[in-house]
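Numbering (the UniProt record's numbering), first residue to last: 1 to 102.
The beta-carbon is built from N, C-alpha and C at its ideal position, and this holds for glycine as well.
Remember, it's a predicted structure, so these values are computed and weren't measured experimentally.
One structure is given here, and the rest of the page talks about it.
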């Protein structure tokens, strides 16, 4: 990707910024217990990466969005909203993508 500024000068190119997918895996939760799953991502943390989940196929009204957290070396996926005590539990399968940028 290349981005030029209003003055026509190159601001960003493939030599100054890259994003790489370092982990792509399916994450499945079932049951009614609030829990999480950890995935090792060495060298990746909140200062140089991002973790997202996207639905993998059709889902029903009981399958809600999983939540991600990225800490140094670990991508964590929750089946509930960790900061909301009354959150419901999500089930189903979603794809976890962890990307590292530099």
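Apart from sequence neighbours up to five positions away, the residues of its chain that approach residue 24 with a beta-carbon distance below 6 Å are 97, ordered along the chain. Where residue 67 is concerned, the enclosing beta strand (DSSP E) starts and stops at 67–71. Spanning the alpha carbons of residue 1 and residue 39 requires a straight line of approximately 29 Å. Under DSSP, residue 59 shares a beta bridge with no residue. Between residue 45 and residue 70, the beta carbon gap of about 6 Å places them in contact (Cβ cut-off 8 Å).
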